[in-house]
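Accompanying notes for the structure given below.
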Amino acid sequence: MYLKTSIFAIVFFAFSIVLKAQSYITLDSVPNSTIPKVGLVLSGGTARGIAHIGVLKVMEECGIVPDYITGTSMGAIIGGLYALGYSADEIEKIALEMDWIKMFSDEISYKEIDVFWKQEYPELPVTLTFDFWEVPTLPKGVIQGQHVLNMLQNLTWRSNLYDSFDQFPIPFRCVATDLVTGEPVVFSSGNLALAIRSSMSLPSIFSPVKMDDKILVDGGVLRNYPILECKEMGADILIGSLTGYEGDKDPNNIKTFIDIITRSAILQSIKESKVLIPLLDVNIVPNVSYISPENFLKAKELIQIGEISARDPIIYAKLKEIGLKQQHQRVHLRMDNQSLVLIDEIQIMGTQKISLKTIESLCNIKPGMKVNDTILNEAVNKLYHLLRFKLVHYRFIVKNQKNVLIFNFIDKEDRQIELGLNYTTYEGPGLMVRTKIWDFLLPYSLLKVNLGISQAPRILLNYEILPFKGKRVGFYIDFYSNRSKMPNVIRDENNTTITLGHFFSNNFNVKVGSRIRLWKNGTLDMSLGRNYYGVSFKEGMQYIFEVNSLKYSEYYSLVQFKVNTLDNPYFPRKGTWISTYIKQVAGAKMSNALSMEYPDGLSPINIAIKFDFQHYFKIKDLTIAPNFSIGANSHKPFLTERFIIGGLEFTNRLNEISMSGVQKGHILTNSYAKAGLTFQYVFFKNIFLQTGADGLIFFDKLNTALPENFDDFFLLAAWHVGIGVTTPVGPLKLSYSRLIGFNEDSWTLNAGFPF
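Quick note, the numbering used here runs 533 ahead of the 1-based positions in the sequence shown.
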């Protein structure tokens, strides 16, 4: 977690630069061959590179505006923004306000995912790709970097107005490394955001950037301090700011995974830098070695360190001298207010998984429109949230005097295996395996095989034809099987729960159906299915029921309506969840008679209805969540088809209902009504404190074996407290709940992504 948090920061810094209304400075120069050209070189250094901002502030104080800038990795981010016209103060504001944790992750906004795809997210902690008859492989990097690229494209929007980096207010170069040739790649034109993203692709942390026939990683591998590149641009005076490892020889500073990865990646570059440093007229080395390279939380301190280093009396005197030589070079500052760009043509590169027509329809962008960074950023987010692509970005080119908008895609692999561990109080430890094969047999289709290995094993085989081309209707076929263990409970005169054995249920279900997208967050499912249960009675229950086993089968039709606008599937802070269904059973058959449960026999028909409503609204760090649920059957259904109430699970199956104070499966009932209220407080960004209460009315006995213990009408109330944490390996939630007026409480632990 700490690793991801810190790494994320690398790019986050660039993102936070989201000052949408940023002004860009254009500088007019008075030609004068006697005025020396000043070049600024900014090294890499991950978070430590933020110290460059402090150096820039002192340079501005001394009247220095570079004629050329080169940068690598973090130096490329800061240098690129400065070259476009951001001031040191503006970049400082960006760095201090940046949400580094968010920026250095591939986390997707759950709310923005189309309702058709929500069930595919989030992915399990380990994702492997495979081809038939080949060994599955690990990804090329932990982070794909979509959030970083989004922020960079937003901040560098107006670079699209230029054909070359030489046309920037300050000419600029950044450096990446080509893994194919082993040579440095110097960017002087093209998409500035993608160039910077390439320059900061720290091996094994960020996935490399594929560009034409090049595989690009962090420029620091070969050119962490791009001095020579700045000299070649024409600089007469060279000023450098070094925040990398070149000056750090203390072994005690190698503390973290990032330290090891970064040092290993730039060993060759460190040797080269030592040879080139004598070319610098001013070499500023901020004392940042004691700060971990992934610690972006020390941004303010790093900026101060940069200032202190640049104010060293000897260095400051040199900077003042250089500034005096430049004083008459600047005539005035002109604000560039251009914001909209006319699109004459739209093209797609890198994928065949989406059509131009779909992009235009989904993103509401067409030739002839004028767009800005906000419009295009929203379009990129919509495309990325389709979950089919690793990376989505855009660029402009001018072709035959027309502006061509190009959407570039990097496809996700069509075949994936996801692995994850989980634990629930009810099912114990488990292993989850998800296999996905896109475009299997038919275009725009998805074959899924989900396997859960635990005390309650289950398997889901699903094949779905998806409405990917802007259509609203999809079709699917499901096969689902699971084994579950259910208790038979009664209460004694002290209201203490007593478990009288268990019964085990093996379920096999197949259905075909159609899913209709009503709008972005609403669907209507209609399906026909066949259900089969095999139930065995253990631990003495066979004597109570007077049978060892039961077999049950049914045909059914199901209509289900869902609305999901939640911002998180496990710890929502905003949004609404609505789910309602009508299930009609026909041809129900049971192998043996249970006179105690069905004195008049099992009805061959039944209609079940259920309605769930949850709403979350937040007041600062507090979320208030009322919920309501009601369900009923027209006839007494089979044991496992009843409503199963109890537990505080992350997710529930069709006929399951959460309830505090009651363990899962302790209540099986024909009809019920439940209402609750939960308060959730964000203690930290990923830590949640919860408390609340539930009330339940159910219209049936508590257990299946001894109906005389309870009236047909029963009321329960309970309260609960808990703590939840989001982690890279899944959500974690520990809850304690207690029934009011009964000697029953319940501890519930859920860890990892649910099935």
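Ideal Cβ placement from N, Cα and C applies to all residues, glycine included.
Output the boundary residues of the alpha helix (DSSP H) element that contains M766.
One-based indexing of the sequence shown puts residue 766 at position 233. From DSSP, the alpha helix (DSSP H) with M766 extends over 760-766.
Quick one: what's got a C-beta closer than 6 Å to N1125's C-beta in the same chain, skipping five residues either side?
Stepping through the sequence shown from its first residue, residue 1125 is reached at position 592. Only V1080, L1083 meet the Cβ criterion.
Are the beta-carbon atoms of P655 and Y643 separated by less than 9 Å?
As a working note, residue 655 is residue 122 in the sequence shown. As a working note, residue 643 is residue 110 in the sequence shown. Contact flag set, yes.
Considering Cα atoms alone, identify which of E623, T660, Y927 is closest to L725.
Walking along the sequence shown from the start, residue 725 turns up at place 192. Nearest in C-alpha terms to L725, of all of E623, T660, Y927, is Y927.
Beta-carbon contacts of T776 that lie in its chain and below 7 Å, excluding the five residues immediately before and after
The residue given as residue 776 occupies position 243 in the sequence shown. Cβ within range, chain order: S576, G578, R581, G582, A584, H585, P819, V821.
Is K969 near L980, with beta carbons less than 9 Å apart?
As a working mapping, residue 969 is identified with position 436 in the sequence shown. As a working mapping, residue 980 is identified with position 447 in the sequence shown. The answer is yes: Cβ separation under 9 Å.
Ordered along the chain, which non-local residues of its own chain (more than five positions away) have a Cβ less than 6 Å from that of Y1085?
By 1-based counting over the sequence shown, the position of residue 1085 is 552. Hits under 6 Å: Y1066, M1123, F1171.
Between which two residues does the alpha helix (DSSP H) containing P846 stretch?
Start at 1 with the first residue of the sequence shown, and residue 846 comes out as number 313. Unbroken alpha helix (DSSP H) run through P846: 846-859.
Opening and closing residue of the beta strand (DSSP E) in which S1090 lies
Position 557 of the sequence shown, counted from the start, is the residue given in the question as residue 1090. For S1090, the enclosing beta strand (DSSP E) covers residues 1082-1097.
Indicate the three-state DSSP secondary structure (helix, strand or coil) for I646 in the structure shown.
Along the sequence shown, one-based indexing puts residue 646 at 113. The answer is coil: DSSP assigns I646 none of H, G, I, E or B.
Identify whether D877 lies in helix, strand or coil by the three-state DSSP scheme.
Along the sequence shown, one-based indexing puts residue 877 at 344. D877 falls in the coil class under three-state DSSP.
Can you name the start and end residues of the alpha helix (DSSP H) that C896 belongs to?
Start at 1 with the first residue of the sequence shown, and residue 896 comes out as number 363. Per DSSP, C896 belongs to the alpha helix (DSSP H) from 889-896.
Here's the rule: buried if 16 or more other CB atoms are within 10 angstroms of the residue's CB, otherwise exposed. What is L1272?
Working through the sequence shown from its first residue, we reach residue 1272 at position 739. With 16 or more other Cβ atoms within 10 Å, it is buried.
Excluding sequence positions up to five away, which residues of its chain have a Cβ less than 6 Å from the Cβ of H1168?
Reading the sequence shown from its first residue, position 635 is the one you call residue 1168. Excluding sequence neighbours, H1168 sits near S1136, N1139.
With DSSP as the reference, label A1238 as helix, strand or coil.
As a first step, residue 1238 is located in the sequence shown; it is residue number 705 there, counting from the start. For A1238, the pLDDT reaches just 33, beneath the cut-off of 50, and the residue's location in the model is therefore unreliable, although a value from the coordinates is still provided. The answer is coil: DSSP assigns A1238 none of H, G, I, E or B.
Within the chosen definition, does the stretch 589-597 reach the stretch 838-858 through at least 3 CB pairs nearer than 8 Å?
yes
According to DSSP, simplified to helix, strand and coil, what is P564?
Here the question's residue 564 lines up with position 31 in the sequence shown. At P564 the pLDDT is 47, less than 50, meaning the model places this residue with poor confidence; the figure from the coordinates comes in the next sentence. Coil at P564, not helix or strand.
With DSSP as the reference, label T710 as helix, strand or coil.
Residue numbering aside, residue 710 sits at position 177 when the sequence shown is read from its first letter. It is a strand residue.
Taking only the alpha-carbon atoms, compute the straight-line gap between M868 and I939 and give it to the nearest angstrom.
Position 335 of the sequence shown holds residue 868. Position 406 of the sequence shown holds residue 939. At M868 the pLDDT is 37, less than 50, meaning the model places this residue with poor confidence; the figure from the coordinates comes in the next sentence. Taking the straight line from one Cα to the other gives about 28 Å.
Could you give the distance in angstroms between the alpha-carbon of L920 and the alpha-carbon of N1283?
Mapped onto the sequence shown, residue 920 falls at position 387. Mapped onto the sequence shown, residue 1283 falls at position 750. Between L920 and N1283, the C-alpha separation is close to 26 Å.
Could you tell me the distance, in whole angstroms, from the CA atom of I998 to the CA atom of R967?
Against the sequence shown, residue 998 aligns to sequence position 465. Against the sequence shown, residue 967 aligns to sequence position 434. The straight-line gap from Cα to Cα measures roughly 18 Å.
Which residue marks the beginning of the alpha helix (DSSP H) containing D1154, and which one marks its end?
As a working mapping, residue 1154 is identified with position 621 in the sequence shown. Unbroken run through D1154: none, as it is neither H nor E.
Looking at the secondary structure, which residues open and close the beta strand (DSSP E) in which A1250 lies?
Along the sequence shown, one-based indexing puts residue 1250 at 717. In the DSSP assignment, A1250 falls within the beta strand (DSSP E) that extends over 1247-1260.
Would you kindly work out how many angstroms separate the C-alpha atoms of V1262 and R1186, rounded to a whole number?
Here the question's residue 1262 lines up with position 729 in the sequence shown. Here the question's residue 1186 lines up with position 653 in the sequence shown. Rounded to the nearest angstrom, the gap between the Cα atoms of V1262 and R1186 is 22 Å.
Do you know whose CA, among H1199, I703, I1163, S697, lies nearest G1209's CA?
Residue numbering aside, residue 1209 sits at position 676 when the sequence shown is read from its first letter. Comparing Cα-Cα distances from G1209 to each of H1199, I703, I1163, S697, the minimum goes to I1163.
Measure the beta-carbon distance from L771 to G613 and round it to whole angstroms, keeping in mind my assumption that it falls under 8 Å.
Here residue 771 refers to the residue found at position 238 of the sequence shown. Here residue 613 refers to the residue found at position 80 of the sequence shown. Actually they are not in contact, since the Cβ atoms of L771 and G613 sit about 19 Å apart, beyond 8 Å.
Report back the beta-carbon spacing between S722 and G752 to the nearest angstrom; my notes put them in contact at under 8 Å.
Taking the sequence shown and counting its residues from 1, the one referred to as residue 722 is at position 189. Taking the sequence shown and counting its residues from 1, the one referred to as residue 752 is at position 219. The Cβ separation is near 16 Å, so there is no contact.
Residues bridged to T1281 (per DSSP):
The count along the sequence shown starts at 1 and reaches residue 1281 at position 748. DSSP, once it has assigned bridges, lists S1268 as partnering T1281.
Please report how far the alpha carbon of L682 lies from the alpha carbon of N1015, in whole angstroms.
The sequence position of residue 682 within the sequence shown is 149, counting from 1. The sequence position of residue 1015 within the sequence shown is 482, counting from 1. Computed Cα separation, rounded: 42 Å.
According to DSSP, is S1193 part of a helix, a strand, or is it coil?
What you label residue 1193 is simply residue 660 of the sequence shown in a count that begins at 1. DSSP places S1193 in coil when its eight states are reduced to three.
Is the stretch 1107-1124 in contact with the stretch 1193-1212, if contact means three or more CB pairs nearer than 8 Å?
Segments in contact, no.
Compare the Cα-Cα distances from L895 to each of N933, V750, I1142, I646 and report the closest residue.
Locating residue 895 in the sequence shown gives position 362, where the first residue counts as 1. Checking every option, the nearest Cα to that of L895 belongs to I646.
Given a cut-off of 9 Å, decide if G608 and S734 are closer than it, judged by their beta-carbon atoms.
Counting from 1 along the sequence shown, the entry for residue 734 is found at position 201. Counting from 1 along the sequence shown, the entry for residue 608 is found at position 75. At least 9 Å separates the beta-carbon of S734 from that of G608.
Is the beta carbon of L1229 closer than 9 Å to that of L1248?
Here the question's residue 1248 lines up with position 715 in the sequence shown. Here the question's residue 1229 lines up with position 696 in the sequence shown. Yes, Cβ-Cβ distance for L1248 and L1229 is below 9 Å.
Pull up the distance between the alpha-carbon of W971 and that of R1048, whole angstroms please.
To locate residue 971, count along the sequence shown from 1; it is residue 438. To locate residue 1048, count along the sequence shown from 1; it is residue 515. Roughly 18 Å separates the two Cα atoms.
Could you check which residue in H918, D906, V874 has the C-alpha nearest to that of I892?
As a working note, residue 892 is residue 359 in the sequence shown. Of the listed residues, the one whose Cα sits closest to I892 is H918.
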